[in-house]
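Colleague: Sharing a structure below in structure tokens format, with a few things to ask.
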Amino acid sequence: MGNEVSSETGMGEADAVQAEPIRVLVTGGSGMVGKAIEQVVNTVEKRSNETWIFVGSKDCDLTDLAATRALFEKEKPTHVVHLAAMVGGLFHNLAHNLQFFRKNMAINDNVLAASHEFNVRKCVSTLSTCIFPDKTTYPIDETMVHNGPPHDSNFGYAYAKRMIDVLNKGYETEHQRRYTSVVPCNVFGPFDNYNFQDAHVLPALIHKAYIAKKEGKPLVCFGSGTPLRQFIYSLDLARLYVWAVRHYEEIDPIIFSVGEEDEVSIQQAVNGVVKAIGFEGEVIWDREKADGQYKKTASNAKLRKYLPDFKFTPFDEAIKHSVDWFVTNFETARK
168 MGNEVSSETG MGEADAVQAE PIRVLVTGGS GMVGKAIEQV VNTVEKRSNE
218 TWIFVGSKDC DLTDLAATRA LFEKEKPTHV VHLAAMVGGL FHNLAHNLQF
268 FRKNMAINDN VLAASHEFNV RKCVSTLSTC IFPDKTTYPI DETMVHNGPP
318 HDSNFGYAYA KRMIDVLNKG YETEHQRRYT SVVPCNVFGP FDNYNFQDAH
368 VLPALIHKAY IAKKEGKPLV CFGSGTPLRQ FIYSLDLARL YVWAVRHYEE
418 IDPIIFSVGE EDEVSIQQAV NGVVKAIGFE GEVIWDREKA DGQYKKTASN
468 AKLRKYLPDF KFTPFDEAIK HSVDWFVTNF ETARK
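When we follow the working numbering, the leftmost residue of the sequence shown carries the number 168, and every step to the right adds one.
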């Protein structure tokens, strides 16, 4: 490539070689997005001046401030990608909103406090499109995070995530820290959590379809299938996180999402999974189960101002990659 500059990263190889060395600590590094970032920085986005350290819950209890400080003392990061969180699907959130709030508040406060104490130059934390107001106009954008209450189904998780934005502004106002956050839409891909009780919609569907095909039974899907969602492939999201670490300098959040035109219904998502896994049985919709929020369409206009040429993996192609990974790794996948 020589001195060619990538339109997606804004940095050529020669620039990367001359850049100041950095150490990037990735919390939640053993999860789906962490694994995707690890793959990306070891291949297409590899830079000789960067060291990436991936830690999971087995390495450090981030709800414990002393343990968090010990991690930062050991690794001495210059940058942080904060992915770690207590997460779960619709029904897990409905049952444990208080737990989601308290645990995520503790994790986020400890990570940002340690980042400040150990002079981390940039911390890129993770929000979610579910933090946005339930009653709102569409598409939602970065200016609307605090405009009203989130959906009742996951108010604990949503409010805890919103507080990251408050913390970032506080650290900027009082300490001039460049701490920021990104807002991914629904993420899916290899190394996802496929547990029926707390998985998000796509991994749960992939697992269900696999079992239904294997056992020759109908595929039972919850709700009406009408809610709309934007889905982003984990490897696409990983490349965007790497870009944010290197180039995004705003304190205000930025939405990482496919375009509004790429929004699909849950029924379309089911059809994609069924096709990818080769399921030929009956699909039954259990309409007594809750649908959750009907839509949360996000605008990626701000992202497109920075990265107009960024290419997302087509939904059906990404679903196929994800299904193939799950089938191949069924015995060891989280489920």
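Note that the Cβ used here is the ideal one computed from N, Cα and C, for glycine as well.
1. Return the chain-ordered ranges of every alpha helix (DSSP H) run that is complete within the region 187-228 and spans a minimum of 4 residues.
2. Who are the near neighbours of L470 in its chain, counting only those whose CB is closer than 7 Å to its CB and skipping five residues on each side?
3. In or out: V207 buried (at least 16 other Cβ within 10 Å) or exposed?
4. Quickly, what does DSSP pair T304 with across the bridge? List them, please.
5. Give me the Cα-Cα distance between T499 and T218, rounded to the nearest whole angstrom.
6. Look at the alpha carbon of Y461 and the alpha carbon of F239, and state the distance between them as a whole number of angstroms.
7. State the DSSP-derived secondary structure class of H488, mapped to helix, strand or coil.
8. DSSP puts Y400 in a beta bridge; with which residues?
9. Please state the DSSP three-state secondary structure of H246.
10. For a quick check, are the C-beta atoms of V312 and A411 less than 8 Å apart?
11. Quick check on the burial criterion: 16 or more other C-beta atoms within 10 angstroms. Buried or exposed for F389?
12. Kindly indicate which residue of M253, F497, S215 and L192 has the alpha-carbon position closest to the one of K241.
13. Could you please give me the residues that DSSP links to K289 through a beta bridge?
14. To the nearest angstrom, report how far apart L265 and P385 are at their CA atoms.
15. Report the three-state DSSP secondary structure of N360 (helix, strand or coil).
16. By Cβ distance, which residues of its chain are closer than 6 Å to D308, with the 5 residues on each side in sequence left out?
17. Assuming A325 and M272 make a contact with CB atoms under 8 Å, what is their CB distance in whole Å?
18. Since K472 and F299 are thought to touch, with beta carbons under 8 Å apart, how far apart are those beta carbons, to the nearest angstrom?
19. What are the boundary residues of the alpha helix (DSSP H) that includes I518?
20. State yes or no: is the C-beta of V163 within less than 8 Å of the C-beta of L474?
21. Candidates Y415, F268, P244 and K375: which alpha carbon is nearest K502's?
22. From A485 to T347, what does the alpha carbon distance come to, in whole angstroms?
23. Got a sec? Which residues, its chain only, sit under 6 Å from L407 by beta carbon, not counting five neighbours each side?
24. Check whether the Cβ atoms of A203 and G356 lie closer than 8 Å to each other.
25. Thinking just about the alpha-carbon of each residue, which of V248, I331, T235 and L229 is nearest to the one in I220?
26. Tell me the DSSP secondary structure of E171 in three-state form.
Modeller: Taking the geometry as given:
1. 199-208
2. Here residue 470 refers to the residue found at position 303 when the sequence shown is read from its first residue. The residues are I421, I422 and F423.
3. As a working note, residue 207 is residue 40 in the sequence shown. By the neighbour-count rule (16 or more Cβ atoms within 10 Å), V207 is buried.
4. Reading the sequence shown from its first residue, position 137 is the one you call residue 304. Partner(s): none; T304 has no beta bridge.
5. Reading the sequence shown from its first residue, position 332 is the one you call residue 499. Reading the sequence shown from its first residue, position 51 is the one you call residue 218. Their backbone Cα atoms lie some 28 Å apart in a straight line.
6. The residue given as residue 461 occupies position 294 in the sequence shown. The residue given as residue 239 occupies position 72 in the sequence shown. Going from the Cα of Y461 to the Cα of F239 covers about 41 Å.
7. Residue numbering aside, residue 488 sits at position 321 when the sequence shown is read from its first letter. DSSP places H488 in helix when its eight states are reduced to three.
8. Here residue 400 corresponds to residue number 233 of the sequence shown, with the count starting at 1. F355, per the DSSP bridge assignment.
9. Position 79 of the sequence shown, counting from 1, holds the residue named residue 246. Three-state DSSP puts H246 in a strand.
10. Working through the sequence shown from its first residue, we reach residue 312 at position 145. Working through the sequence shown from its first residue, we reach residue 411 at position 244. For V312 and A411, no; Cβs fall outside 8 Å.
11. By one-based count along the sequence shown, residue 389 stands at place 222. Buried, because 16 or more other Cβ atoms sit within 10 Å of the Cβ of F389.
12. The count along the sequence shown starts at 1 and reaches residue 241 at position 74. Checking every option, the nearest Cα to that of K241 belongs to L192.
13. Indexing the sequence shown from 1 puts residue 289 at position 122. Beta-bridge pairing links K289 to H246 and R345.
14. Indexing the sequence shown from 1 puts residue 265 at position 98. Indexing the sequence shown from 1 puts residue 385 at position 218. Using only the alpha carbons, I get a separation of about 35 Å.
15. If you number the sequence shown from 1, residue 360 lands on position 193. DSSP places N360 in strand when its eight states are reduced to three.
16. Counted from its first residue, the sequence shown places residue 308 at position 141. Correct list, in chain order: S466.
17. By 1-based counting over the sequence shown, the position of residue 325 is 158. By 1-based counting over the sequence shown, the position of residue 272 is 105. Contact flag wrong, Cβ pair sits at about 12 Å.
18. As a position in the sequence shown, residue 472 is number 305, starting the count at 1. As a position in the sequence shown, residue 299 is number 132, starting the count at 1. About 20 Å separates the two Cβ atoms, so there is no contact after all.
19. The question about residue 518 has no answer, for the chain in this structure spans 168 to 502.
20. Absent from the structure is residue 163, since the part of the chain shown begins at 168 and ends at 502.
21. Here residue 502 refers to the residue found at position 335 of the sequence shown. Nearest option by C-alpha distance: K375.
22. Within the sequence shown, the letter at position 318 stands for residue 485. Within the sequence shown, the letter at position 180 stands for residue 347. C-alpha separation (whole angstroms): 28 Å.
23. In the sequence shown, counting from the first residue as 1, residue 407 sits at position 240. Contacts found: F423.
24. One-based indexing of the sequence shown puts residue 203 at position 36. One-based indexing of the sequence shown puts residue 356 at position 189. Cβ atoms of A203 and G356: closer than 8 Å.
25. Sequence index remark: in the sequence shown, residue 220 carries index 53 (1-based). Considering only alpha carbons, the answer is V248.
26. Numbered from 1 along the sequence shown, position 4 holds the residue referred to as residue 171. Because the pLDDT at E171 is just 31, under 50, the model does not fix this residue reliably, and the value given afterwards should be weighed accordingly. Looking at E171 - three-state DSSP - the assignment turns out to be coil, as it is neither helix nor strand.
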